[in-house]
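**Student:**
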Amino acid sequence: MIQRTVTIVPEDGLHARPASRFVETANEYDSEVTVAPVDGDPVNAASMLAVTGLNAPSGEDVVITADGPDEEAALEALEAVLTTPE
């Protein structure tokens, strides 16, 4: 299991298109992936409802955790989604 703290860059935060891309990307990997506010509870990164329910704005730090055979690749891809401006 590995985790990484990432600052959300897209202007809309983790909502709408960025959230959709984040969830689609999480679903491309076999690893179990969660995302959480730095001091909050983790949610399933493959669930659109759970991810948008975080209400994470641009500039906020989130912790992404991946556990599984492709955990490193999953984290790299998800970090890219969150650090790419919309």
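Residue 1 is where the sequence shown starts when you use the UniProt record's numbering, and the numbers rise one by one after that.
Using N, Cα and C, we set each Cβ at its ideal position, and we do this for glycine too.
Since the structure is predicted, the reported quantities are computational estimates derived from the model, not experimental observations.
If you count every other CB in all the chains shown that lies within 10 Å of the CB of Glu76, and 16 or more means buried, which is it?
**Tutor:** Label assigned to Glu76: exposed.
**Student:** Look up Thr7 in the DSSP assignment and give the residues it is bridged to.
**Tutor:** In DSSP, Thr7 forms a bridge with Asp61.
**Student:** If you pair each beta-carbon of the region 6 to 18 with each one of the region 38 to 49, do three or more pairs fall below 8 angstroms?
**Tutor:** The answer is no - the region 38 to 49 does not touch the region 6 to 18, with fewer than three Cβ pairs under 8 angstroms.
**Student:** Between the alpha carbons of Ser58 and Pro69, how many angstroms are there, rounded?
**Tutor:** Distance between the alpha carbons of Ser58 and Pro69 is about 30 angstroms.
**Student:** In whole angstroms, give me the CA-to-CA distance for Leu78 and Gly53.
**Tutor:** Using only the alpha carbons, I get a separation of about 18 angstroms.
**Student:** Round the Cβ separation of Glu71 and Pro37 to the nearest angstrom and send it over; I've been treating them as touching at under 8 angstroms.
**Tutor:** Going by Cβ atoms, the distance from Glu71 to Pro37 rounds to 21 angstroms, so no, they are not a contact pair.
**Student:** When you compare each of Pro18, Glu32, Val51, Ser20 to Ala73 by their alpha carbons, which one comes out closest?
**Tutor:** Measuring from the Cα of Ala73, the nearest candidate turns out to be Glu32.
**Student:** Taking just the CA atoms, how far does Thr7 sit from Thr83?
**Tutor:** Their Cα atoms are separated by approximately 7 angstroms.
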